[in-house]
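*Asks:*
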Amino acid sequence: MSTKIIYSKYDKKKIPSLPRVLFPGRIIVILTPDEAEKAVDYLLKADILGFDTETKPVFKRGRQNKVALLQVSTEDTCFLFRLNRIGLCPAIIRLLETTDVRKIGLSWHDDIASLHKRGGFSPKGFFELQDHMKELGIEDMSLAKLYANLFGERISKREQLSNWDNDVLTDKQKGYAATDAWACIRLYKEYQRLKETKDYELVVVPEPAPAETSTEAE
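Set out below in structure tokens:
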């Protein structure tokens, strides 16, 4: 395997031309507390889980919706917990508080703050990717840029601003949500591999030069 080239900053203009990646596993939507209990029992048998959330966007300043969806993925199965239907039921709190499995998130501090608006819990066992990718020299921390940087593939963000409070999620919404959670696992595993093997070369992208301003009289 050749040495991987990664960049301190990834040019977002390159992302649209990359091949698209989509979660290849099964997606299960959770609509009741009983379903949540069974899903959490299943998830806690895994070694590692990817986490993400979705919230219906607001286009008026000063207003904010509650988080509508919690997506939790293994490497081949993703559960979509519809929090707008079931809230932070006991099973979900159990999942968020357990230390029995490693839980991977990106910008997860913001997600925790959003989840706290639905109820109280003490998050445990989470690994924040943004805190650790810096160790590789990477500065761009968005999911799309990280994934493009480390895998040369594109995560579509087209569904991000869709209505996550819809009565029924579309297939595109489900695929988007599952991909984001699953991608956290892939990023974590690649981070671990690169940290251990040092099999990468970092290209430091310089800061753009400041635009020159004319001081001559017109």
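Under our numbering, residues 31 to 248 are what the sequence shown spells out, in order.
For glycine and all other residues, C-beta sits at the position ideal for the given N, C-alpha and C.
Please read all numbers here as calculations on a predicted model, not as lab measurements.
Taking 8 Å as the threshold (C-beta atoms), are Gly80 and Ser47 in contact?
*Replies:* If you number the sequence shown from 1, residue 47 lands on position 17. If you number the sequence shown from 1, residue 80 lands on position 50. Judged by their CB atoms, Ser47 and Gly80 are not nearer to each other than the 8 Å cut-off.
*Asks:* Rounded to whole angstroms, what's the CA-CA distance from Asn95 to Lys228? Just pull it up for me.
*Replies:* Working through the sequence shown from its first residue, we reach residue 95 at position 65. Working through the sequence shown from its first residue, we reach residue 228 at position 198. The straight-line gap from Cα to Cα measures roughly 43 Å.
*Asks:* What's the gap between the Cα of Leu199 and the Cα of Val97?
*Replies:* Translated into the one-based positions of the sequence shown, residue 199 becomes position 169. Translated into the one-based positions of the sequence shown, residue 97 becomes position 67. Rounded to the nearest angstrom, the two C-alpha atoms are 15 Å apart.
*Asks:* Could you check how far apart the C-beta atoms of Pro63 and Glu183 are, in whole angstroms? I think they sit under 8 Å.
*Replies:* Locating residue 63 in the sequence shown gives position 33, counting from the first residue. Locating residue 183 in the sequence shown gives position 153, counting from the first residue. Going by Cβ atoms, the distance from Pro63 to Glu183 rounds to 36 Å, so no, they are not a contact pair.
*Asks:* Nearest-angstrom Cα distance between Ser152 and Asp197?
*Replies:* Residue 152 sits at position 122 when you count from the first residue of the sequence shown. Residue 197 sits at position 167 when you count from the first residue of the sequence shown. Ser152 and Asp197: Cα-Cα distance of roughly 30 Å.
*Asks:* Where do the ends of the alpha helix (DSSP H) carrying Gln101 lie?
*Replies:* Position 71 of the sequence shown holds residue 101. From DSSP, Gln101 is part of no alpha helix (DSSP H) but of the beta strand (DSSP E) over 97–103.
*Asks:* Using DSSP with H/G/I as helix, E/B as strand and the rest coil, what is Leu110?
*Replies:* As a first step, residue 110 is located in the sequence shown; it is residue number 80 there, counting from the start. In this structure, Leu110 counts as strand in the three-state DSSP scheme.
*Asks:* Using 8 Å as the threshold, is the segment 52–68 in touch with the segment 105–112, meaning 3 or more CB pairs across them?
*Replies:* yes
*Asks:* Which residues mark the beginning and the end of the beta strand (DSSP E) in which Thr85 is found?
*Replies:* Walking along the sequence shown from the start, residue 85 turns up at place 55. Element bounds for Thr85: 78–85.
*Asks:* For Gly117, which of helix, strand or coil comes out of DSSP?
*Replies:* The residue labelled residue 117 in the question sits at position 87 within the sequence shown. The answer is coil: DSSP assigns Gly117 none of H, G, I, E or B.
*Asks:* Determine the burial state of Tyr72: buried for a count of at least 16 other Cβ atoms within 10 Å of its Cβ, exposed for fewer.
*Replies:* Residue mapping note: residue 72 aligns to position 42 of the sequence shown, counting from 1. Tyr72 should be labelled exposed.
*Asks:* If distances are taken between C-alpha atoms only, which option among Ala174, Asp195, Phe89, Tyr37 comes closest to Phe111?
*Replies:* Sequence index remark: in the sequence shown, residue 111 carries index 81 (1-based). It is Asp195.
*Asks:* Quick check: the Cα distance between Ile215 and Gln222, rounded to an integer number of angstroms?
*Replies:* Stepping through the sequence shown from its first residue, residue 215 is reached at position 185. Stepping through the sequence shown from its first residue, residue 222 is reached at position 192. Rounded to whole angstroms, Ile215 to Gln222 spans 11 Å at the Cα level.
*Asks:* How many angstroms separate the CA atom of His162 from the CA atom of Ala143?
*Replies:* Against the sequence shown, residue 162 aligns to sequence position 132. Against the sequence shown, residue 143 aligns to sequence position 113. So the two alpha carbons sit approximately 20 Å from each other.
*Asks:* Measure how close the beta-carbons of Leu74 and Thr128 come, nearest whole angstrom, since I'm counting them as under 8 Å.
*Replies:* Mapped onto the sequence shown, residue 74 falls at position 44. Mapped onto the sequence shown, residue 128 falls at position 98. Contact between Leu74 and Thr128 holds, with the beta-carbon distance rounding to 7 Å and staying under 8 Å.
*Asks:* To the nearest angstrom, how far is it from the Cα of Ser244 to the Cα of Leu180?
*Replies:* Along the sequence shown, one-based indexing puts residue 244 at 214. Along the sequence shown, one-based indexing puts residue 180 at 150. Unreliable positioning characterises Ser244 in this predicted model, as indicated by a pLDDT of 49, which lies under 50. A coordinate reading is not provided.
*Asks:* Where does the unbroken alpha helix (DSSP H) through Glu220 begin, and where does it stop?
*Replies:* Here residue 220 is taken as the residue at index 190 of the sequence shown, counted from 1. It spans 201–227 - the alpha helix (DSSP H) in which Glu220 sits, taken as one unbroken run.
*Asks:* Here's the rule I'm using: 16 or more other beta-carbon atoms within 10 Å means buried, otherwise exposed. How should Thr33 be labelled?
*Replies:* Working through the sequence shown from its first residue, we reach residue 33 at position 3. Per the 10 Å Cβ criterion, exposed.
*Asks:* Within the segment 39–76, note down every full beta strand (DSSP E) run reaching 3 residues or more, in order along the chain.
*Replies:* Correct list: 56–60.
*Asks:* Based on the DSSP output, what are the partners of Val233 in its beta bridges?
*Replies:* On the sequence shown, position 203 is the one that residue 233 refers to. BP columns for Val233 point to Tyr37.
*Asks:* So, at 8 Å on beta carbons, what are the nonlocal neighbours of Ala66 in its own chain, with the 5 sequence-adjacent residues on each side left out?
*Replies:* Within the sequence shown, numbered from 1, the residue matching residue 66 stands at position 36. Closer than 8 Å at the Cβ level, and outside the excluded window around Ala66, lie Ile60, Phe111, Ile116, Cys119, Ala121, Ile122.
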